[in-house]
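Novice: The structure is given below, and queries will be raised subsequently.
Residue numbers (full-length UniProt numbering): 1 to 331.
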């Protein structure tokens, strides 16, 4: 039995039963929404990977590595065959890129000597382009000076029971300086005393807006992966993840797909476990109390680790259910 599929289907049914439909102006479609939901998963039930539709595991791992690197250019993602941020990067290019100047940066010259902007297809072929002040920037360089991930690891090592082990991706002064304002806006490590006298932790995240069909399975697995990475780096065992979800919705082009998923058996597939292979993976020095040392080790790790170092052992799933992702009209 895959417990996460039961939890996910319960949420889907709740949206269909209790959701209110309205016109979402920013995407030009209707949205069926409930105000909030709390999602929780214990690692005693395996890794939180949805099985009733196949996860794009490579993209989940690649995006998280991208965030943790502090990278805001889609080049790394595209080099690994991951195109999930390309529409947002193009949106940023169209609306915010500086095209003026002596070199006509980012423009294509027409036969008559005039210039035009790249099409989405041309932009995608380039395989690179920034997305502004995204999660990556805020996690590793908040306001241009704070490495929140290094601070988090150092804080966990100093006092796992501290209530200050938080990372924030929501910077009010830069909300319009990114291709997409952060949906999952912050997360917190909460220390847990265990029966044997040791300590573990839970990873809790807050999400201001939740695309339940396309985004949420991705978010759940991503925070599960982040919890396991923190476990590996600090030695404290991850116990559970919990998401406080707001504006929880389906878009109207997802209704049929969600109903199709609800016809699938949540008990068809069993749980799986995350395996982090040693190839390219290092552990931080648990005796280090220096932020500079942790930052250097973390950067070395993230520049060395590869997507293939993270495997889901025992993962089986139903076939994917494809639905187009809707990019916002305005930032």
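C-beta atoms are modelled at their ideal positions from N, C-alpha and C, and glycine is treated no differently.
Would you say the region 310-320 touches the region 267-277, given that touching needs at least three Cβ pairs under 8 Å?
Specialist: yes
Novice: Whose C-beta lies closer than 8 Å to the C-beta of residue 286 among residues of the same chain, with five residues either side of it excluded?
Specialist: Legend: pLDDT at residue 286 = 49, less than 50; position of this residue unreliable, value from coordinates given subsequently. Here the set comprises 157, 234, 235.
Novice: Using a Cβ-Cβ cutoff of less than 7 Å, which residues in the same chain neighbour residue 248 once the five nearest sequence positions on both sides are dropped?
Specialist: 15, 33, 34, 36, 37, 210, 212
Novice: So, at 8 Å on beta carbons, what are the nonlocal neighbours of residue 274 in its own chain, with the 5 sequence-adjacent residues on each side left out?
Specialist: Around residue 274: 47, 224, 225, 228, 310, 311, 312, 313.
Novice: Just the C-alpha distance for residue 103 and residue 91, rounded to the nearest angstrom, thanks.
Specialist: In this prediction, residue 103 has a pLDDT of 45, which is less than 50 and means its spatial position is unreliable; nothing more can be read from the coordinates.
Novice: Report back the beta-carbon spacing between residue 133 and residue 171 to the nearest angstrom; my notes put them in contact at under 8 Å.
Specialist: Rounded to the nearest angstrom, the Cβ distance from residue 133 to residue 171 is 7 Å, consistent with a contact under 8 Å.
Novice: Between the alpha carbons of residue 100 and residue 67, how many angstroms are there, rounded?
Specialist: For residue 100, the predicted model reports a pLDDT of 49, less than 50, meaning its position is unreliable and no value from the coordinates is stated.
Novice: What is the DSSP secondary structure of residue 324, counted as helix, strand or coil?
Specialist: coil
Novice: DSSP three-state label for residue 184, please.
Specialist: strand
Novice: By the three-class DSSP mapping on this structure, what secondary structure does residue 146 have?
Specialist: strand
Novice: Mapping DSSP to helix, strand and coil, what is residue 222?
Specialist: helix
Novice: Is it buried or exposed for residue 178, if we count other Cβ within 10 angstroms and need 16 for buried?
Specialist: Residue 178 comes out buried.
Novice: For the region 152-166 against the region 193-205, do three or more pairs of beta-carbon atoms, one drawn from each stretch, fall closer than 8 Å, so that the two count as touching?
Specialist: yes
Novice: Please list the segments of the beta strand (DSSP E) lying wholly inside the region 44-80, counting only runs of 3 or more residues, in order along the chain.
Specialist: Qualifying beta strand (DSSP E) stretches: none in this window.
Novice: Suppose the cutoff is 8 Å on Cβ atoms and the five residues either side in sequence are ignored; what does the same chain contact list for residue 168 look like?
Specialist: 138, 142, 148, 185, 186
Novice: Could you have a look at residue 236 and say whether DSSP puts it in helix, strand or coil?
Specialist: When secondary structure is reduced to three states using DSSP, residue 236 falls in the coil class, being assigned neither helix nor strand.
Novice: Alpha carbon to alpha carbon, what distance is there between residue 188 and residue 26?
Specialist: 30 Å
Novice: Give the straight-line distance between the Cα atoms of residue 114 and residue 108, rounded to the nearest whole angstrom.
Specialist: Residue 114 and residue 108: Cα-Cα distance of roughly 8 Å.
Novice: Report yes if the C-beta distance between residue 65 and residue 305 is below 8 Å; otherwise report no.
Specialist: yes
Novice: Pull up the CB-CB distance for residue 151 and residue 291, whole angstroms please, since I reckon it's below 8 Å.
Specialist: Contact flag correct, Cβ pair sits at about 7 Å.
Novice: Just the C-alpha distance for residue 130 and residue 174, rounded to the nearest angstrom, thanks.
Specialist: For residue 130 and residue 174, the distance between alpha carbons rounds to 15 Å.
Novice: Find out if the Cβ-Cβ distance for the pair residue 83, residue 124 is shorter than 8 Å.
Specialist: yes
Novice: Check for me: the beta strand (DSSP E) holding residue 30 runs from which residue to which?
Specialist: 29-42
Novice: Any idea if residue 41 is buried or exposed, counting beta-carbon neighbours within 10 angstroms, 16 or more meaning buried?
Specialist: Residue environment: residue 41 is assigned as buried (16 or more neighbouring CB atoms within 10 Å of its CB, all protein chains considered).
Novice: What's the gap between the Cα of residue 2 and the Cα of residue 93?
Specialist: 41 Å
Novice: For residue 238, is the classification buried or exposed, using 16 other Cβ atoms within 10 angstroms of its Cβ as the cut-off for buried?
Specialist: buried
Novice: From this set, 296, 214, 260, 256, which residue's C-alpha is nearest residue 59's C-alpha?
Specialist: 214
Novice: Which residues does DSSP list as the beta-bridge partners of residue 24?
Specialist: In the DSSP assignment, residue 24 forms a beta bridge with 29.
Novice: Beta carbon of residue 252, beta carbon of residue 29: below 8 Å?
Specialist: yes
Novice: Quick one: using the 10 Å Cβ neighbour count with 16 as the cut-off for buried, is residue 81 buried or exposed?
Specialist: Label assigned to residue 81: exposed.
Novice: Does any heavy atom of the ligand GDP sit closer than 7 Å to the C-beta of residue 251?
Specialist: With respect to the ligand GDP, the structure offers nothing, as it holds no ligand at all.
Novice: Please list, in chain order, all residues of the same chain as residue 69 whose beta carbon is under 6 Å from its beta carbon, the five residues on each side excluded.
Specialist: 302
Novice: Under a Cβ-count criterion, where at least 16 other Cβ atoms within 10 Å of its own Cβ denotes burial, should residue 319 be classed as buried or exposed?
Specialist: exposed
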